[in-house]
Amino acid sequence: MVFNFLPKKKNQPKLGIDISSSAVKLLEISFDQGVYCVESYAVEPLPPGLVVEKTITDVEILGNIIRQAVKKSGTSVKEAITSVANSAVITKLLPMDAVLTDEEIESQIRVEADQYIPYPLSEVSLDFEILGPAEDLPDKVDILLTACRAEAVELRADALDIGGLIAKIVDVESYAIERACRLMVDHIPGGLHQTIAVMDIGASITTLTVLNEGKTVYTREQIFGGRQLTEEIQRRYRLSFEEAGFAKKRGGLPEDYESEVLPHYLDAVVQQIIRCLQFFFSSSQYNHVDRIILAGGTASIAGLRQMVEDKVGAPTTVADPLVDVAVSPGISPAKLYEDAPALMVAIGLALRSFE
Ligand SMILES: Nc1ncnc2c1ncn2[C@@H]1O[C@H](COP(=O)(O)OP(=O)(O)OP(=O)(O)O)[C@@H](O)[C@H]1O
Ligand SMILES: [Mg+2]
43 MVFNFLPKKK NQPKLGIDIS SSAVKLLEIS FDQGVYCVES YAVEPLPPGL VVEKTITDVE
103 ILGNIIRQAV KKSGTSVKEA ITSVANSAVI TKLLPMDAVL TDEEIESQIR VEADQYIPYP
163 LSEVSLDFEI LGPAEDLPDK VDILLTACRA EAVELRADAL DIGGLIAKIV DVESYAIERA
223 CRLMVDHIPG GLHQTIAVMD IGASITTLTV LNEGKTVYTR EQIFGGRQLT EEIQRRYRLS
283 FEEAGFAKKR GGLPEDYESE VLPHYLDAVV QQIIRCLQFF FSSSQYNHVD RIILAGGTAS
343 IAGLRQMVED KVGAPTTVAD PLVDVAVSPG ISPAKLYEDA PALMVAIGLA LRSFE
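Just so you know, we're using the working numbering here: the sequence shown kicks off at 43 and counts up by one.
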């Protein structure tokens, strides 16, 4: 079993919805007698330009695509959990008196938040979580304050609303990735008691989430992803965006793709990973990672895993978040497993139902 607790009865499944730049990814997971099961899922592609580097440009069109995804998945669940990018969020650890009630903490946060947040509080969504006793400060607890531009949260809630869903929770991407990693713990050599760099290489953004002892200790986003390769294929072979995307997955490109275009791109991916890790090392007390997990659609490119392992010098695996998860009979497992590395965020969001 992955988690050492059973969910309370009231924790009904909710949909995890990752609104990413290439697709709306929707997934429903149930939990019964220690087993997680994917009950329904859908990946609905988005036209280029609708979600640009995590920013929604047309909420109506997006809402209608969400509605289609819900229909295709066949789910009857109405409550959903979605996320904002790490870069849209500011977090701050605040020690506060342990005796305060939730209401008192909230009003104190409202007074103090001004100092930490570079936007007017009227434009910000605030949330807090009590993490536990503060280190070296008796009678204090650590409060994790999370603040996000209200617009980012509201646009997502509006899109879900148009899609016929209710946004129950808006989470942060890296927390979803952290949860999805816990699902594969039995298949990660060394488990979670080590420092793991999860590189989610999406269509437009590469997100690094570093876990130590299973907890997120660092996140970083770089504007780089599969789009660079799609655009190069479009340019070189005069193909449309859709044709280039299809060819990446299914092949059929001229010979120089394998001999020139792809190796050049894979080199760029490795350089991005090295750069991302260097930023992490230079802004933390860490100077190495024990393991790299590759996620996102780009992680599926054959040969990338080996190349990262050789050139970055850390054992590297491709994310397999559904390895211990059952699949409902109505779903084609082959397609789901093929999509799994790109579903880390949606899976982690759905898992939030059981916390
Ligand atoms: N089998 C594959 N081989 C090569 N590339 C692939 C494969 N599967 C998906 N991709 C590429 O992965 C990218 C999509 O990945 P993913 O679904 O993780 O992105 P996203 O979550 O929509 O983007 P972002 O997180 O940047 O908003 C696209 O560029 C797509 O062409
Ligand atoms: Mg993504």
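Built from N, CA and C at the ideal position, the CB exists for glycine as well. Remember, it's a predicted structure, so these values are computed and weren't measured experimentally.
Query	Result
T340 Cβ short of 6 Å to ligand 1 heavy atom set	yes
For T261, the residue or residues it bridges with in DSSP	T251
Within 7 Å, strictly: CB atoms of I219 and G390	yes
Contact belief for V252 with T237 at Cβ below 8 Å, rounded distance in angstroms	7 Å
Given V131 as reference, the closest of S216, G105, I108 once Cα atoms are compared	S216
Bridge-paired residues (DSSP) for Y83	L69
Residue interval of the alpha helix (DSSP H) (run including L197)	192–204
beta-carbon G58 near ligand 1 non-hydrogen atom, thresh 6 Å	no
Between the CA atoms of K134 and E177 - distance to the nearest angstrom	15 Å
C-alpha distance - V212 paired with L186, whole-angstrom precision	16 Å
C-beta contact flag for E70 and V112 at 7 Å	no
Bridge-paired residues (DSSP) for M138	V183
C-alpha distance - E255 paired with G232, whole-angstrom precision	11 Å
7 Å Cβ shell around Y328 - same chain, five flanking residues per side excluded	T237, F322
Nonlocal neighbours in the same chain, by C-beta distance under 7 Å from G91, ignoring five residues either side	T99
Continuous beta strand (DSSP E) stretch holding S125: start and end	121–126
Pocket of ligand 2 defined by Cβ to heavy atom distance under 5 Å	S62, G244
Three-way DSSP call (helix, strand, coil) for L92 in this model	coil
Stretch-stretch touch, CB-based, cutoff 8 Å, three pairs: the region 54–67 with the region 202–212	yes
Closer than 6 Å: I147 CB and nearest ligand 1 heavy atom	no
Backbone CA spacing between D309 and Q270 [nearest angstrom]	12 Å
Of the listed residues I247, Y307, V66, V259, nearest to I275 (C-alpha basis)	Y307
Reduced DSSP category for I230 - H, G, I as helix; E, B as strand; rest coil	coil
Residues of its chain near D181, where Cβ-Cβ distance is below 7 Å and the 5 sequence neighbours each way are ignored	D139, A140
8 Å contact criterion, which A245 and A189 should meet: CB distance rounded	No, A245 and A189 are not in contact; Cβ-Cβ is about 27 Å, not under 8 Å.
Three-pair Cβ contact test at 8 Å for the region 367–375 versus the region 79–97	yes
Closer than 6 Å: K290 CB and nearest ligand 3 heavy atom	Among the ligands modelled here, namely ligand 1 and ligand 2, ligand 3 does not occur.
Proximity test, I343 beta-carbon vs ligand 1 heavy atom, cut-off 6 Å	yes
Proximity winner among D184, S72, G174, I151, relative to L163 (alpha-carbon distances)	I151
Spatially closest choice to V195 from P175, K96, E273, L281, by CA coordinates	K96
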